[in-house]
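K.L.:
Numbering (the working numbering), first residue to last: 111 to 335.
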């Protein structure tokens, strides 16, 4: 769900560009670049960003200012962490706007709502689950990969709806009745897809799952003395 074709007020466009620029600078400085030095991980990060750029073109337009599509932000965040995911999705968004002729004035707001918000939500969910839930592989795959992805995607989509409603695109009631059911359905489908991909990568290609620590989730419990 995006604001790709919305005409934003000048103050909102400037403010969102400023926040997005500062966030990208923070991500570029604090991203764990040393963890993607291996060619397999680096090429997977670049390839995932490129693949999502193509997937985003497969969208369903509910309204001139409203689209439903597979975001993939949660998947990127589980694979590479919120900072690298935000940087990769920034390139994905730039490709999308250039390809579809979307307004660049909305780039900052789209980046905040469709990339940074779900990516850092995934980071927060992963921290919470790792801190308070039992540390085992099942919890990581189901709690994070499935339900965590669903929560992050719904949060991003609902934030987009709230902004659209605040800008006067439609009333809040219209979004609740006409859009929210589709949003939840799409978010659940994306969460299932993300969960399956996270499971496959964790089992067969754990090197590209930077959020997964086998020492934490696969260690044997200490024997009782």
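All C-beta atoms in this analysis are idealised placements derived from N, C-alpha and C, irrespective of residue type, glycine included.
(1) What residue from 277, 189, 245 and 322 has the CA that sits closest to residue 152's CA?
(2) Would the beta-carbon of residue 263 fall within 9 Å of that of residue 288?
(3) What do you get for residue 228, buried or exposed, if any count of 16 or more other CB atoms within 10 angstroms of its CB means buried?
(4) Check the C-beta distance from residue 298 over to residue 238 and give it rounded, since I have them as a contact under 8 Å.
(5) Pick helix, strand or coil for residue 171, following the three-state DSSP scheme.
(6) Between residue 123 and residue 216, is the Cβ-Cβ spacing less than 9 Å?
(7) Go through its chain and collect everything with a Cβ distance to residue 316's Cβ below 7 Å, but skip five positions before and after it.
(8) From residue 133 to residue 327, what distance separates their C-alpha atoms?
(9) Would you tell me roughly how many angstroms separate the C-alpha atoms of residue 293 and residue 140, rounded to the nearest one?
(10) If you draw a straight line from the C-alpha of residue 244 to the C-alpha of residue 138, how long is it?
(11) Is residue 328 helix, strand or coil when you go by DSSP?
(12) Are residue 146 and residue 320 close, meaning C-beta to C-beta below 9 Å?
(13) In whole angstroms, what separates the C-alpha of residue 233 from that of residue 176?
(14) Excluding the 5 residues preceding and the 5 following residue 214 in the sequence, name in chain order all residues of the same chain whose CB lies nearer than 8 Å to its CB.
(15) Assuming residue 302 contacts residue 256 under a Cβ cut-off of 8 Å, what Cβ separation, rounded to an integer in Å, is found between them?
(16) Does residue 197 pass the burial test, meaning 16 or more other C-beta atoms within 10 Å, or should it be called exposed?
(17) At the level of alpha carbons, what is the spacing between residue 231 and residue 221?
P.N.:
The short version:
(1) Along the chain shown, read from residue 1 onward, the residue named residue 152 stands at position 42. Considering only 277, 189, 245 and 322, the residue with the shortest C-alpha distance to residue 152 is 189.
(2) Numbered from its first residue, the chain shown carries residue 263 at position 153. Numbered from its first residue, the chain shown carries residue 288 at position 178. In this structure, residue 263 keeps its C-beta atom at 9 Å or more from the C-beta atom of residue 288.
(3) Residue numbering aside, residue 228 sits at position 118 when the chain shown is read from its first letter. By the neighbour-count rule (16 or more Cβ atoms within 10 Å), residue 228 is buried.
(4) Here residue 298 is taken as the residue at index 188 of the chain shown, counted from 1. Here residue 238 is taken as the residue at index 128 of the chain shown, counted from 1. About 21 Å separates the two Cβ atoms, so there is no contact after all.
(5) Residue 171 sits at position 61 when you count from the first residue of the chain shown. The three-state reading of DSSP puts residue 171 in strand, counting E and B together.
(6) Position 13 of the chain shown holds residue 123. Position 106 of the chain shown holds residue 216. Yes, the pair counts as a contact, with Cβ atoms nearer than the cut-off.
(7) Here residue 316 refers to the residue found at position 206 when the chain shown is read from its first residue. Same-chain partners within the cutoff: 322 and 324.
(8) For the purposes of this step, residue 133 is taken as residue 23 along the chain shown, with counting starting at 1. For the purposes of this step, residue 327 is taken as residue 217 along the chain shown, with counting starting at 1. The straight-line gap from Cα to Cα measures roughly 31 Å.
(9) Reading the chain shown from its first residue, position 183 is the one you call residue 293. Reading the chain shown from its first residue, position 30 is the one you call residue 140. If you take the alpha carbons of residue 293 and residue 140, they lie about 32 Å apart.
(10) Taking the chain shown and counting its residues from 1, the one referred to as residue 244 is at position 134. Taking the chain shown and counting its residues from 1, the one referred to as residue 138 is at position 28. Between residue 244 and residue 138, the C-alpha separation is close to 32 Å.
(11) Counted from its first residue, the chain shown places residue 328 at position 218. Assigned with DSSP and collapsed to three states, residue 328 falls in coil, not helix or strand.
(12) Within the chain shown, residue 146 is the residue found at index 36, counting from 1. Within the chain shown, residue 320 is the residue found at index 210, counting from 1. A Cβ-Cβ contact shorter than 9 Å links residue 146 with residue 320.
(13) Residue 233 sits at position 123 when you count from the first residue of the chain shown. Residue 176 sits at position 66 when you count from the first residue of the chain shown. For the pair residue 233 and residue 176, the Cα-to-Cα distance works out to about 27 Å.
(14) Position 104 of the chain shown, counting from 1, holds the residue named residue 214. Within the same chain, Cβ atoms closer than 8 Å to the Cβ of residue 214 are found at 207, the five residues on either side in sequence being excluded.
(15) Here residue 302 is taken as the residue at index 192 of the chain shown, counted from 1. Here residue 256 is taken as the residue at index 146 of the chain shown, counted from 1. That belief holds up - the Cβ atoms of residue 302 and residue 256 are roughly 7 Å apart, short of 8 Å.
(16) Taking the first residue of the chain shown as position 1, residue 197 is located at position 87. With 16 or more other Cβ atoms within 10 Å, it is buried.
(17) As a first step, residue 231 is located in the chain shown; it is residue number 121 there, counting from the start. As a first step, residue 221 is located in the chain shown; it is residue number 111 there, counting from the start. If I take the Cα positions, the gap works out to 14 Å.
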